[in-house]
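In the UniProt record's numbering, the protein residues as written are 1 to 423. One structure below.
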């Protein structure tokens with residue numbers, strides 16, 4: 001992970017108009033005046049007007065003295081002379097099927113009331129919804145609906161909260177508490193204001209360090225559960241090992257758990273020969289389960305909608321043992337950095353390389369701080385209410401910490417369902 005800009009770059013793996021006359025002329029004006037005078041002199045007399053009215057007079061039929069319900073319907077009377085409504089249209093057609101009701105079936109969503117109109121309708125939305133059909137649910141988008149973890153709508157109750165695996169919903173219907181608490185972790189791995197670990201969280205090291213047969217680190221990964229790790233697809237190695245609970249790669253911390261990877265599952269459509277960073281995500285199966293404790297813990301995986309919302313939360317945390325300078329040596333101590341989410345338009349403008357919909361940018365436009373070579377596969381995690389969720393996988397970038405450039409990450413929200421079905 002680089003903390004200053006440096007000069008080159010790749011993936012994060014080690015290594016119509018109007019014609020107006022200008023002068024109409026006085027002749028034109030005189031001619032127009034002559035025509036106007038002629039018209040005025042030819043106006044009919046009041047007696048002629050009276051005779052014409054007597055001949056052409058027709059009483060409006062709408063609201064006449066006759067009872068409308070006992071005479072046949074008439075389109076002109078019901079929907080031209082009167083305000084057209086479902087009732088008036090029904091009198092014309094004498095047939096409910098021909099009388100179109102815009103509210104049947106009801107196009108409004110989420111319990112909204114539909115009001116019929118001529119060739120249109122109006123949806124009266126309940127609190128928490130908006131849009132033409134009240135289809136936009138914005139209550140969960142505001143402070144996550146008050147939920148500590150997941151928020152969804154289930155009318156008429158509106159907000160319904162739920163919790164990630166390893167947590168239990170509390171009596172208030174919003175809070176989540178871990179079902180099992182590991183022993184306290186040393187303060188080195190906690191933010192200054194934290195006191196207890198969570199059953200899945202960060203920075204309780206949900207991260208693993210991928211190493212080759214020579215013991216050299218080349219990528220990172222995140223623990224999904226006891227048997228599976230998620231990493232970047234371009235990090236795949238013929239026979240990788242990894243250590244969980246690692247902190248200092250040059251010392252034995254007495255916290256490491258070494259495992260061998262027995263199965264590598266890149267995304268089914270990943271093809272490095274076409275695009276090395278499209279669908280840059282993979283799952284690794286371990287030869288034996290990890291033992292969770294204060295130093296080895298999984299990161300939480302939310303639903304697609306929840307993870308998408310979290311990503312735009314504003315801040316994410318990335319980590320790894322990657323280079324601290326472009327083309328520099330890898331870090332010995334695990335590096336952790338908080339990076340801001342970058343909106344898609346700014347992201348696209350920062351590079352000539354294609355940014356797919358399954359990628360996003362994070363980092364600083366001024367440069368100086370960024371992920372770098374060796375950080376690939378590591379987590380981009382987002383915290384909410386004290387719990388950390390995986391929102392991205394470190395993928396690639398142009399050099400490291402270069403001004404005007406950002407780190408590019410794989411959107412985990414695009415892969416939540418297949419990931420959870422496999423792992």
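Where a beta carbon is used, it is the ideal one built from N, C-alpha and C, also for glycine. Keep in mind the model is a prediction, meaning the values are calculated, not measured.
If you draw a straight line from the Cα of residue 299 to the Cα of residue 222, it comes to about 7 Å. For residue 152, the uninterrupted beta strand (DSSP E) segment begins and ends at 150–153. Residues of the same chain with a CB within less than 6 Å of the CB of residue 122, apart from the 5 flanking positions on each side, are 115 in chain order. Across the structure, residue 171 and residue 163 are spaced so that their CA atoms are roughly 13 Å apart. Annotation for residue 211: 217, 218, 240, 241, 242, 243 place their beta carbon closer than 8 Å to its own, counting only its chain and skipping 5 residues before and after.
For residue 410, the closest C-alpha among the options 387, 318, 404 is that of 318. Fewer than three pairs of CB atoms, one per stretch, sit closer than 8 Å, so the region 344–357 makes no contact with the region 372–384.
Going by C-alpha positions, residue 302 is about 33 Å away from residue 326. Under the DSSP assignment, residue 305 falls in the alpha helix (DSSP H) whose first and last residues are 304–311.
Taking a contact as a CB-CB distance under 8 Å, the pair residue 148 and residue 176 counts as one, their CB atoms being some 5 Å apart.
DSSP places residue 1 outside any beta strand (DSSP E), giving it a letter other than H or E. Here residue 420 is exposed. Its C-beta has fewer than 16 other C-beta atoms within 10 Å.
Distance from residue 323 to residue 372 at the Cβ level is roughly 4 Å; contact confirmed, criterion being Cβ atoms closer than 8 Å. At the C-beta level, residue 320 and residue 375 come within 8 Å of one another.
Rounded to the nearest whole angstrom, the CA to CA distance from residue 412 to residue 119 is 43 Å. For residue 255 and residue 356, the gap between their C-alpha atoms comes out near 38 Å. Here residue 284 carries a strand assignment [DSSP, helix/strand/coil]. Membership of residue 348 in the alpha helix (DSSP H) is indicated by the continuous run 344–349. The closest CA to that of residue 292, considering only 245, 398, 364, 386, is found on 245. No Cβ-Cβ contact shorter than 8 Å links residue 159 with residue 304. Residue 291: not part of any beta strand (DSSP E); DSSP gives it neither H nor E. If you look at residue 255, you'll find it isn't in any beta strand (DSSP E); DSSP assigns it neither H nor E. Sixteen is the threshold: since fewer than 16 other Cβ atoms of the shown chains lie within 10 Å of the Cβ of residue 138, the residue is exposed.
The alpha carbon of residue 418 has as its nearest neighbour, out of 370, 387, 330, 268, the alpha carbon of 268.
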